[in-house]
Ligand SMILES: C[S@@+](CC[C@H](N)C(=O)[O-])C[C@H]1O[C@@H](n2cnc3c(N)ncnc32)[C@H](O)[C@@H]1O
Ligand SMILES: [Zn+2]
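Residue numbers (the numbering used here): 19 to 387.
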């Protein structure tokens, strides 16, 4: 995905809970399962080396994790959060949904990637209900870490106002009327989890209530915005987005999740036609060896065909050997080695552009002409 292309990201990743989740047999989601146990693998070690080279602050945090399982989990989350940071729009924001198992580590990780100043809230979703404990306080809340990408961000306070409680009274201490619009919301929200008898229940393990996602979307995005949930499960965030006129992308490793996205879209978003859902099945990457270096012959051949042999700067036709592979968004500014971020430039244009963006090259070429 392109840098700066997403307005709001909600993610509810595995929690490092040491559980493996499976949906009950007979439910709509039967067959869905995902692992939530972590051990340090070769791939993690490669990622950790990469993080050490490129993000020394983040690497220091990884070294502070107490067990290999935590380290593996945090390496996994770090590489994803770095990509999330890259693809968020300058005014975008992110809600990282976790629970107290790892929220303290994840907050440090977010500080390292987004910057402490970008922290907005530790939003508490209090769901109550269910079993209780006599050995400690009942564990009944999740934590949503809310960070902005930059200095400006979308926040609509009005649509998420809450009704005054009767104890608040009609008048303030100074005698003035309270607003009938309701009171501005704070960072604790009470709402039950998806109940066995709820209409929205799919049986997908860890399904979140639609009301929670709708609330987040109303506050932190606008109609037409692009919403991403990279661990979308049974599509709660995608449904909330479609129902409130946002555009959306959902990603999940479980094929069952993709099926549920399609099913729920049909059932719960009446005006959506099949053509409005584009499903892409992407082969799972199992190791870093699959990343093609940007200047691989394969990339060059592909780009040469795509650009019909022309330099994407000056537009002139060249032989393949006179064209060079260039990063459209420079590596230094977060551009990746993915094909979507690559182009061919003639030697001259490439020299002029150097480590800068295309605006620079275009401006220079314009002046030269
Ligand atoms: C806690 S659940 C999300 C539930 C979701 N918020 C909902 O309301 O249904 C986590 C999801 O992450 C998915 N997942 C696990 N590992 C993944 C990976 N490497 N990439 C993408 N999705 C993954 C699981 O299949 C699962 O659906
Ligand atoms: Zn050129």
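Don't be surprised by glycine CBs; every beta carbon is placed ideally from N, CA and C.
* Asked: What residue from 244, 363, 342, 322 has the CA that sits closest to residue 313's CA?
  -> Here residue 313 is taken as the residue at index 295 of the chain shown, counted from 1. That would be 342, whose Cα lies nearest to the Cα of residue 313.
* What does a CB cutoff of less than 6 Å around residue 355 pick up in its chain, not counting 5 residues either side in sequence? -> Walking along the chain shown from the start, residue 355 turns up at place 337. Excluding sequence neighbours, residue 355 sits near 312.
* Asked: For ligand 1, is there a heavy atom less than 7 Å away from the beta-carbon of residue 249?
  -> Counted from its first residue, the chain shown places residue 249 at position 231. At least one heavy atom of ligand 1 is nearer than 7 Å to the Cβ of residue 249, so yes.
* **Separation of residue 121 from residue 128, as counted between CA atoms** => Counted from its first residue, the chain shown places residue 128 at position 110. Counted from its first residue, the chain shown places residue 121 at position 103. If you take the alpha carbons of residue 128 and residue 121, they lie about 10 Å apart.
* **Chain-order list of residues whose beta-carbon lies under 7 Å from that of residue 56 (same chain, five-residue window excluded)** => Translated into the one-based positions of the chain shown, residue 56 becomes position 38. Once the five neighbours on either side are set aside, the close Cβ partners of residue 56 are 34, 87, 90, 91.
* Asked: Would the beta-carbon of residue 329 be found less than 7 Å away from any heavy atom of ligand 2?
  -> Residue mapping note: residue 329 aligns to position 311 of the chain shown, counting from 1. At least one heavy atom of ligand 2 is nearer than 7 Å to the Cβ of residue 329, so yes.
* residue 226: buried (16+ other C-beta within 10 angstroms of its C-beta) or exposed? -> By one-based count along the chain shown, residue 226 stands at place 208. The residue in question, residue 226, is buried, as its Cβ has 16 or more Cβ neighbours within 10 Å.
* Using only the heavy atoms of ligand 1, determine whether one of them is closer than 7 Å to the beta carbon of residue 407. => Any answer about residue 407 is impossible in this case: the structure gives the chain only from 19 up to 387.
* Asked: Within 7 Å: the Cβ of residue 224 and any heavy atom of ligand 1?
  -> Along the chain shown, read from residue 1 onward, the residue named residue 224 stands at position 206. It does: the Cβ of residue 224 is within 7 Å (strictly closer) of some heavy atom of ligand 1.
* Asked: If you draw a straight line from the C-alpha of residue 104 to the C-alpha of residue 68, how long is it?
  -> Here residue 104 refers to the residue found at position 86 of the chain shown. Here residue 68 refers to the residue found at position 50 of the chain shown. Taking the straight line from one Cα to the other gives about 16 Å.
* Asked: Does the pairing of the segment 262-280 with the segment 140-157 give three or more beta-carbon distances under 8 Å?
  -> no
* Asked: Just to confirm, does residue 31 get its C-beta within under 7 Å of one of the non-hydrogen atoms of ligand 1?
  -> Locating residue 31 in the chain shown gives position 13, counting from the first residue. Checking every heavy atom of ligand 1 against the Cβ of residue 31, one is found closer than 7 Å.
* Under the criterion of a Cβ to heavy atom distance below 7 Å, does residue 345 qualify as lining ligand 2? -> Here residue 345 is taken as the residue at index 327 of the chain shown, counted from 1. For ligand 2, not one heavy atom lies less than 7 Å from the Cβ of residue 345.
* To do: Could you tell me the boundaries of the alpha helix (DSSP H) in which residue 280 lies?
  => Indexing the chain shown from 1 puts residue 280 at position 262. Segment 273-286, the alpha helix (DSSP H) holding residue 280.
* Asked: Do you know how far the Cα of residue 364 is from the Cα of residue 340?
  -> As a working note, residue 340 is residue 322 in the chain shown. As a working note, residue 364 is residue 346 in the chain shown. Going from the Cα of residue 340 to the Cα of residue 364 covers about 6 Å.
* Can you name the start and end residues of the beta strand (DSSP E) that residue 161 belongs to? -> As a working note, residue 161 is residue 143 in the chain shown. 159-166 is the span of the beta strand (DSSP E), which, as asked, contains residue 161.
* Asked: residue 73: beta carbon under 7 Å from a heavy atom of ligand 2?
  -> Taking the chain shown and counting its residues from 1, one reaches residue 73 at position 55. Residue 73: no, Cβ never under 7 Å from ligand 2.
* To do: Using only alpha-carbon positions, find the residue among 218, 377, 109 that is nearest to residue 22.
  => Here the question's residue 22 lines up with position 4 in the chain shown. Per the Cα distances, 109.
* Secondary structure at residue 125, three-state DSSP: helix, strand or coil? -> One-based indexing of the chain shown puts residue 125 at position 107. In this structure, residue 125 counts as helix in the three-state DSSP scheme.
* To do: Would you mind listing the alpha helix (DSSP H) stretches within the segment 96-154 that are 4+ residues and don't spill past its ends, in chain order?
  => 121-132
* What does residue 335 pair with, by DSSP beta-bridge criteria? -> Working through the chain shown from its first residue, we reach residue 335 at position 317. For residue 335, which the question treats as bridged, DSSP gives the partners 328.
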